[in-house]
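Take a look at the structure below.
Number of protein chains: 4
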Amino acid sequence: MRKFVLLFQCQDRKGIVAKISDFILKIGGNIIAADQYSTDPQGGHFFIRVEFILDGGREKRQVLLEAFKPVAQEFNASWNLYDQAETLRMGILVSEPDHCLVDLLYLWNAGELNAQIPFVLSNCEKHRKLVAGYNLPFYYVPADKHNRRESEILAYCLEATDFLVLARYMLVLSADFLHKYNKDIINIHHGFLPSFKGVDPYGQALKKGVKVIGSTAHFVDAQLDEGPIIAQEVEYVSHKDTRQDLIRKGRHAEKKALAHAISSYVDYRIIKHENKTIVF
Amino acid sequence: MRKFVLLFQCQDRKGIVAKISDFILKIGGNIIAADQYSTDPQGGHFFIRVEFILDGGREKRQVLLEAFKPVAQEFNASWNLYDQAETLRMGILVSEPDHCLVDLLYLWNAGELNAQIPFVLSNCEKHRKLVAGYNLPFYYVPADKHNRRESEILAYCLEATDFLVLARYMLVLSADFLHKYNKDIINIHHGFLPSFKGVDPYGQALKKGVKVIGSTAHFVDAQLDEGPIIAQEVEYVSHKDTRQDLIRKGRHAEKKALAHAISSYVDYRIIKHENKTIVF
Amino acid sequence: MRKFVLLFQCQDRKGIVAKISDFILKIGGNIIAADQYSTDPQGGHFFIRVEFILDGGREKRQVLLEAFKPVAQEFNASWNLYDQAETLRMGILVSEPDHCLVDLLYLWNAGELNAQIPFVLSNCEKHRKLVAGYNLPFYYVPADKHNRRESEILAYCLEATDFLVLARYMLVLSADFLHKYNKDIINIHHGFLPSFKGVDPYGQALKKGVKVIGSTAHFVDAQLDEGPIIAQEVEYVSHKDTRQDLIRKGRHAEKKALAHAISSYVDYRIIKHENKTIVF
Amino acid sequence: MRKFVLLFQCQDRKGIVAKISDFILKIGGNIIAADQYSTDPQGGHFFIRVEFILDGGREKRQVLLEAFKPVAQEFNASWNLYDQAETLRMGILVSEPDHCLVDLLYLWNAGELNAQIPFVLSNCEKHRKLVAGYNLPFYYVPADKHNRRESEILAYCLEATDFLVLARYMLVLSADFLHKYNKDIINIHHGFLPSFKGVDPYGQALKKGVKVIGSTAHFVDAQLDEGPIIAQEVEYVSHKDTRQDLIRKGRHAEKKALAHAISSYVDYRIIKHENKTIVF
Numbered sequence: 067m068r069k070f071v072l073l074f075q076c077q078d079r080k081g082i083v084a085k086i087s088d089f090i091l092k093i094g095g096n097i098i099a100a101d102q103y104s105t106d107p108q109g110g111h112f113f114i115r116v117e118f119i120l121d122g123g124r125e126k127r128q129v130l131l132e133a134f135k136p137v138a139q140e141f142n143a144s145w146n147l148y149d150q151a152e153t154l155r156m157g158i159l160v161s162e163p164d165h166c167l168v169d170l171l172y173l174w175n176a177g178e179l180n181a182q183i184p185f186v187l188s189n190c191e192k193h194r195k196l197v198a199g200y201n202l203p204f205y206y207v208p209a210d211k212h213n214r215r216e217s218e219i220l221a222y223c224l225e226a227t228d229f230l231v232l233a234r235y236m237l238v239l240s241a242d243f244l245h246k247y248n249k250d251i252i253n254i255h256h257g258f259l260p261s262f263k264g265v266d267p268y269g270q271a272l273k274k275g276v277k278v279i280g281s282t283a284h285f286v287d288a289q290l291d292e293g294p295i296i297a298q299e300v301e302y303v304s305h306k307d308t309r310q311d312l313i314r315k316g317r318h319a320e321k322k323a324l325a326h327a328i329s330s331y332v333d334y335r336i337i338k339h340e341n342k343t344i345v346f
Numbered sequence: 067m068r069k070f071v072l073l074f075q076c077q078d079r080k081g082i083v084a085k086i087s088d089f090i091l092k093i094g095g096n097i098i099a100a101d102q103y104s105t106d107p108q109g110g111h112f113f114i115r116v117e118f119i120l121d122g123g124r125e126k127r128q129v130l131l132e133a134f135k136p137v138a139q140e141f142n143a144s145w146n147l148y149d150q151a152e153t154l155r156m157g158i159l160v161s162e163p164d165h166c167l168v169d170l171l172y173l174w175n176a177g178e179l180n181a182q183i184p185f186v187l188s189n190c191e192k193h194r195k196l197v198a199g200y201n202l203p204f205y206y207v208p209a210d211k212h213n214r215r216e217s218e219i220l221a222y223c224l225e226a227t228d229f230l231v232l233a234r235y236m237l238v239l240s241a242d243f244l245h246k247y248n249k250d251i252i253n254i255h256h257g258f259l260p261s262f263k264g265v266d267p268y269g270q271a272l273k274k275g276v277k278v279i280g281s282t283a284h285f286v287d288a289q290l291d292e293g294p295i296i297a298q299e300v301e302y303v304s305h306k307d308t309r310q311d312l313i314r315k316g317r318h319a320e321k322k323a324l325a326h327a328i329s330s331y332v333d334y335r336i337i338k339h340e341n342k343t344i345v346f
Numbered sequence: 067m068r069k070f071v072l073l074f075q076c077q078d079r080k081g082i083v084a085k086i087s088d089f090i091l092k093i094g095g096n097i098i099a100a101d102q103y104s105t106d107p108q109g110g111h112f113f114i115r116v117e118f119i120l121d122g123g124r125e126k127r128q129v130l131l132e133a134f135k136p137v138a139q140e141f142n143a144s145w146n147l148y149d150q151a152e153t154l155r156m157g158i159l160v161s162e163p164d165h166c167l168v169d170l171l172y173l174w175n176a177g178e179l180n181a182q183i184p185f186v187l188s189n190c191e192k193h194r195k196l197v198a199g200y201n202l203p204f205y206y207v208p209a210d211k212h213n214r215r216e217s218e219i220l221a222y223c224l225e226a227t228d229f230l231v232l233a234r235y236m237l238v239l240s241a242d243f244l245h246k247y248n249k250d251i252i253n254i255h256h257g258f259l260p261s262f263k264g265v266d267p268y269g270q271a272l273k274k275g276v277k278v279i280g281s282t283a284h285f286v287d288a289q290l291d292e293g294p295i296i297a298q299e300v301e302y303v304s305h306k307d308t309r310q311d312l313i314r315k316g317r318h319a320e321k322k323a324l325a326h327a328i329s330s331y332v333d334y335r336i337i338k339h340e341n342k343t344i345v346f
Numbered sequence: 067m068r069k070f071v072l073l074f075q076c077q078d079r080k081g082i083v084a085k086i087s088d089f090i091l092k093i094g095g096n097i098i099a100a101d102q103y104s105t106d107p108q109g110g111h112f113f114i115r116v117e118f119i120l121d122g123g124r125e126k127r128q129v130l131l132e133a134f135k136p137v138a139q140e141f142n143a144s145w146n147l148y149d150q151a152e153t154l155r156m157g158i159l160v161s162e163p164d165h166c167l168v169d170l171l172y173l174w175n176a177g178e179l180n181a182q183i184p185f186v187l188s189n190c191e192k193h194r195k196l197v198a199g200y201n202l203p204f205y206y207v208p209a210d211k212h213n214r215r216e217s218e219i220l221a222y223c224l225e226a227t228d229f230l231v232l233a234r235y236m237l238v239l240s241a242d243f244l245h246k247y248n249k250d251i252i253n254i255h256h257g258f259l260p261s262f263k264g265v266d267p268y269g270q271a272l273k274k275g276v277k278v279i280g281s282t283a284h285f286v287d288a289q290l291d292e293g294p295i296i297a298q299e300v301e302y303v304s305h306k307d308t309r310q311d312l313i314r315k316g317r318h319a320e321k322k323a324l325a326h327a328i329s330s331y332v333d334y335r336i337i338k339h340e341n342k343t344i345v346f
């Protein structure tokens, strides 16, 4: 018994759900979860996520991909179909702050992130011991503003990962890197986007005197802190909080937003659409 | 163009979604939202809510009810199908505290509660003016612990309402009343059930020294504060808060939980199952 | 027995609390609450709020103001001393959206806002009935973008109010108005400042695809949506929420932030400092 | 320059703050934070926490303790005075679930818990490696329901710790142990007390169909899950959440409540009073 997920989008019209559910019935599957969304039921764009169980072995996904093609073509859909047992390979890039890394490794080890971690890569050697404690490869790449060592990093990531997580990686990845890697990258920004882009968001928040701080997990695109937002979390603050207090309180929000985003991603719950995300 | 909602439950098995969506396609409908839940995909209990649009007039619902019967019978399902334009009639019972009443009337007037309000009934005459301001009937029934005047209340409610809301009605309705009314009743309890049942929950919370207070919207059944929970909301408190502060802070939680529960109910999002609710 | 509040700020140094509490002891008062803050205990700026009870009649405040002067001079302090029985006069300006107005009038009537309301002024006549229901004066001033009628509004406000609340007043008050009124004005902005300034913040939020929306209560200054922030509240949203949903959800956050800000203000809990607020 | 904290309680009356602040001025201190609370300014019980800075070495605390005695006697107060550089020794007891342990060790290592950790003691050997990674002693004591090995545990704790944290320690400590240890013990209960005492609170919550789960950090006393509550945190849940989901979501609330409670404790922010806590 395997669990599959279909992510599917097309122009909205009648009969999509009927066709998809009929397909799943005919192959002997049982739908165990379904969620759909339309920007407008009359002429809008339609999105659906369907989770179903089905007998089968490792080869089953290929069979299904072939079988589903005609259905998808009928609706001129953009789609994919995933076997939840084939977990995504998540490469982690991290700089000095380690709270997100600690949290991700904990969750992964507890079986709560449906992903593989081929490696942790950092420009900060101090995480070696922590990563070794989980028997995971650790790559130390001493990148900094003057030498971002992107080709070196790319070499580690390109084949070995399905997506990357920037778990507080403090160097901006170049458009060239994004182009060459050409897969999804999820970043945690320690500010409440679209406020407080760029460096030192907590310092910016302090200066502005806000009463709530936030963090934002988002897909990376070529514009700094501008990709589609996946998850946001907040913490209340007061005049008493120093910059150090904001950093400390913000960690909760960062960990929660990033874990939520990654968890949604590896469970195939996210569809990107224009500059936004549908998170089922 | 009308919007219909199907609420449907049966033993889980393959093909339910396919059958339902095929039915909707054949009658010319377009599914605009769907949510499902199963206690266990293998042999559990299955629940689904489907929202679809369809051309048609007032008589359409009767046609659909007939047409859907064979589908439902095939799965031995418990179900109903609603026309969202046929709004439910919500009778409001309230005692002295008026914050929930004020909130409900505001939301209703703003078009945010998809319901009719045939009347507000109270054992406290002071609400007359407020209710008159919305051009709604107000029934003053001076019920108290010694004379609950239930037959009088029942006379107002029985034919004129589809369900009742106890928006801080401080008298317990008897099992006999519940039996005779025999429709849903939603209560807001100003405590975080299952803690703090019965009288003066804020006083109980204060005595216990809790750091979070809550409120609970739930269906009424014959046991006091024991029916299926629909929605809960919380507020953080501290040692500084007096009983009066808890009452004041608690109002937020009460209003939010009750509005959420009623809104879910009138949009046909709630299915009761055993002593719990599925809230889609 | 009257309750007084001292708000006091000066450069931080040793002995301030001792001097103030000694003063209160000597006049026969009992401190019932105190809160202090320093930007830096060594050479920073010091703020304190002290609440104390004391026997006395209406004239007592004048006596205390005189008596405290030498203490304040010793520290070269900026300060004021309030008799909590002398409630502030709060003028309310409001345009079409009425949720904040409804909430404020409810809270005021329930005795939860320690303020007087000399009038509600609106460029939208529909609120007349609601305001009349509370036996408060209602001034209809049909201001719009083309004719802001600020001198007319000023005439109502200047003598009769101690501060103004813009409870969703949709016209920007000019620098000239602010200069002439020259007292505090509290605004509720339906966006999470510093994001989403200006018009249609919910539309902006929707376009950006944020997962949390917010509202901000702040003092008004000459720059649009830029004055010191007093309170912020948030609500979680998803891809499913339409602009109308954001407006609806946002109302909770607006009401909560504005009520919190006003309540802090009338209880003399706020000190402005540079472009920020200390909210005790 | 050292930072001291005074915790002080007595019957409320005039002049307490004046006396204390005068004392601090005379010894050359500068008050940097103060918080007070009274159950009733007229004849109630008064509590105050004062934080001040002062020049001095390690011996200073003894000097201050002597010097303050006459002040305290004047008010017949219960009090203590702490040097924040003399950090408390926190013994950690933990069973199989490790999320609180991981969080506490992370926070401690990041310098965010003002405490020493003389050891981690567990009846589950698997934590040895994690604890060793922080260079802390790990004591494996295979206690279980049939043999609680309390004298063995007590031998580790009695001299070496100032207080204990039960970071999900699943065996109830006997009244005899509590009596012999005779210092504070902080427990995290994975339920929203006073609801869901005892075993499997998430299972209880699931059965009851609640829509919010919570966790409670509290002092341990002889009655199970009944000691004074220090901090509570909540998470929203739905019908979709399985027992496993509640456990997963609950971890957030448990970590947050426990970290908050311990952090308040080691910063001398908590006063126990009757069966409640004042948490400044």
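Chains as they are written, first to last, in this note's numbering: chain B, 67 to 346; chain P, 67 to 346; chain G, 67 to 346; chain C, 67 to 346. Just so you know, even glycine gets a beta-carbon here, dropped at the ideal spot from N, CA and C.
N- and C-terminal bounds of the beta strand (DSSP E) containing residue i
i, result
"ALA382(B)", "Lying before the first or after the last residue shown, residue 382(B) is absent from chain B, which here runs from 67 to 346."
"HIS212(B)", "Premise fails: HIS212(B) is in no beta strand (DSSP E) and is neither H nor E."
"GLN139(G)", "Counting along the chain, GLN139(G) falls outside any beta strand (DSSP E), though it belongs to the alpha helix (DSSP H) covering 126 to 141."
"ILE90(P)", "Note, ILE90(P): premise wrong, no beta strand (DSSP E); alpha helix (DSSP H) at 82 to 92."
Exposed unless 16 or more other CB atoms sit within 10 angstroms - verdict on residue i
i, result
"ALA271(B)", "buried"
"ALA198(G)", "exposed"
Local conformation of residue i per DSSP, three classes
i, result
"HIS284(P)", "strand"
"GLY199(G)", "helix"
"ILE336(C)", "strand"
"LYS306(C)", "coil"
"ALA99(B)", "strand"
"GLN108(C)", "coil"
"ASP364(P)", "Since the first and last residues shown for chain P are 67 and 346, residue 364(P) lies out of range."
N-terminal and C-terminal residue of the alpha helix (DSSP H) that residue i is part of
i, result
"ALA327(P)", "309 to 332"
"HIS165(C)", "165 to 175"
"ILE158(C)", "It is not in any alpha helix (DSSP H) - ILE158(C) instead sits in the beta strand (DSSP E) that spans 154 to 160."
"LYS277(G)", "Per DSSP, LYS277(G) belongs to no alpha helix (DSSP H) and is neither H nor E."
"CYS223(G)", "216 to 223"
"LYS69(B)", "First-last for LYS69(B): 68 to 77, but that is the beta strand (DSSP E), not the alpha helix (DSSP H)."
Distance between beta carbons of residue j and residue i, contact taken as under 8 Å
i, j, result
"GLY280(B)", "ALA319(B)", "6 Å"
"HIS284(B)", "PRO267(B)", "That pair is no contact at about 13 Å."
"PHE112(G)", "ASP88(G)", "In fact, because the Cβ distance is near 17 Å, the residues do not count as touching under 8 Å."
"LEU202(G)", "PHE185(G)", "7 Å"
"LEU170(P)", "TYR200(P)", "Contact flag wrong, Cβ pair sits at about 10 Å."
> Can at least three beta-carbon pairs, one atom from the region 277 to 296 of chain P and one from the region 275 to 292 of chain C, be found at a separation below 8 Å?
Replying inline: The region 277 to 296 of chain P is in contact with the region 275 to 292 of chain C.
> Okay, do the region 158 to 178 of chain B and the region 126 to 143 of chain B touch, 3+ Cβ pairs below 8 Å being the bar?
Replying inline: These segments do not touch.
> Just checking, does the region 141 to 158 of chain G make contact with the region 206 to 216 of chain G on the three C-beta pairs under 8 Å criterion?
Replying inline: Under the three-pair Cβ rule at 8 Å, the region 141 to 158 of chain G does not count as touching the region 206 to 216 of chain G.
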